[in-house]
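Trainee:
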Amino acid sequence: MTTAPSTKTVVVLNGPNLNLLGTREPAVYGSSTLADVEQLCRQACARHGWTLDFRQSNHEGDLVDAIHEAGRLQAQGLLAGVVLNAGAYTHTSVALLDAIKGTAVPLVELHISNVFAREAFRHHSYISPAARAVMCGWGVQGYAMAIDGLQHWQD
Ligand code: DQA
């Protein structure tokens with residue numbers, strides 16, 4: 000008797016201050032809350048039959064740990080991919096770069112705003128060299144688009 004394969008998981012990670020979505024600089028980030036974003040992600044995952052693991056943390060080490068966890072799923076063939084909005088850690092964190100390289104998880108770097116139309120310090124990303132894809136400027140709909148895009152990386 001064969002057992003049915005377990006469903007793959009999409010890990011969506013949100014970094015610092017993204018818990019403030021909805022009230023944080025609405026002219027830049029829009030009026031959707033993080034709960035709304037989670038709902039968008041849940042609907043996108045449902046379209047593909049994937050499980051969603053959706054997290055937010057203001058602490059760099061939590062995000063590193065979450066990437067390591069995703070790496071363990073990847074090793075078991077149970078990861079559809081990671082969507083990471085690292086917030087300001089994008090522009091500062093060698094630790095996140097090393098975690099992505101160290102686990103080799105298939106990862107989309109995502110930003111709600113178009114970081115290239117903003118301050119110069121947002122133009123550099125430590126994440127991009129280790130990301131398989133980068134997207135920015137699509138607002139919160141970008142999360143759903145990123146999840147749909149993961150379909151193209153599945154065997
Ligand atoms: C952001 C862009 C970053 O520069 C900023 O620090 C954030 C959010 C975005 O989603 O547009 O916190 O990642």
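Under numbering that gives the first Met the number 0, the residues of the sequence shown are numbered 0 to 154, in order. For every residue, glycine included, the Cβ atom is placed at its ideal position computed from N, Cα and C.
Just checking my contact of Leu-95 with Val-133 at CB under 8 Å: how many whole Å lie between their CB atoms?
Mentor: Taking the sequence shown and counting its residues from 1, one reaches residue 95 at position 96. Taking the sequence shown and counting its residues from 1, one reaches residue 133 at position 134. At roughly 14 Å, the Cβ-Cβ gap does not stay under 8 Å, so Leu-95 and Val-133 are not in contact.
Trainee: Quick one: Cα of Val-9 to Cα of Thr-91, how far?
Mentor: Numbered from its first residue, the sequence shown carries residue 9 at position 10. Numbered from its first residue, the sequence shown carries residue 91 at position 92. In a straight line, the C-alpha of Val-9 is about 25 Å away from that of Thr-91.
Trainee: Give the DSSP bridge partners of Asn-13, in chain order.
Mentor: Locating residue 13 in the sequence shown gives position 14, where the first residue counts as 1. Note: Asn-13 sits in a beta bridge opposite Gln-55, Asn-84.
Trainee: Between Val-81 and Val-104, what straight-line distance do the alpha-carbon atoms span, to the nearest angstrom?
Mentor: Reading the sequence shown from its first residue, position 82 is the one you call residue 81. Reading the sequence shown from its first residue, position 105 is the one you call residue 104. Rounded to the nearest angstrom, the two C-alpha atoms are 7 Å apart.
Trainee: Taking 8 Å as the cut-off, is the CB of Cys-135 close to at least one heavy atom of the ligand DQA?
Mentor: Residue numbering aside, residue 135 sits at position 136 when the sequence shown is read from its first letter. Under cutoff, so the answer is yes.
Trainee: Considering only the beta carbon of each residue, do Leu-33 and Asn-57 sit closer than 9 Å?
Mentor: The residue labelled residue 33 in the question sits at position 34 within the sequence shown. The residue labelled residue 57 in the question sits at position 58 within the sequence shown. No, the Cβ-Cβ distance between Leu-33 and Asn-57 is not below 9 Å.
Trainee: Using the beta-carbon of each residue, find all residues closer than 6 Å to any heavy atom of the ligand DQA and list them in chain order.
Mentor: Asn-16, Asn-84, Gly-86, Ala-87, Thr-89, His-110, Ile-111, Ser-112, Val-114, Arg-121
Trainee: If you count every other CB in all the chains shown that lies within 10 Å of the CB of Gly-86, and 16 or more means buried, which is it?
Mentor: In the sequence shown, the residue the question calls residue 86 occupies position 87. Buried, because 16 or more other Cβ atoms sit within 10 Å of the Cβ of Gly-86.
Trainee: Looking only at C-alpha atoms, which of Ala-119, Phe-53, His-123, Val-107 sits nearest to Asn-18?
Mentor: If you number the sequence shown from 1, residue 18 lands on position 19. Selected option, being the one with the closest Cα: Phe-53.
Trainee: By the 10 Å Cβ neighbour count, where 16 or more other Cβ atoms means buried, how is Asn-75 classified, buried or exposed?
Mentor: Residue mapping note: residue 75 aligns to position 76 of the sequence shown, counting from 1. Residue 75 is actually Gln in this sequence, not Asn. Exposed: under 16 other Cβ atoms inside 10 Å.
Trainee: Could you check where the alpha helix (DSSP H) with Arg-39 kicks off and where it finishes?
Mentor: Locating residue 39 in the sequence shown gives position 40, counting from the first residue. What sits at residue 39 in the sequence shown is Leu, not Arg. Note, Leu-39: alpha helix (DSSP H), 33–47.
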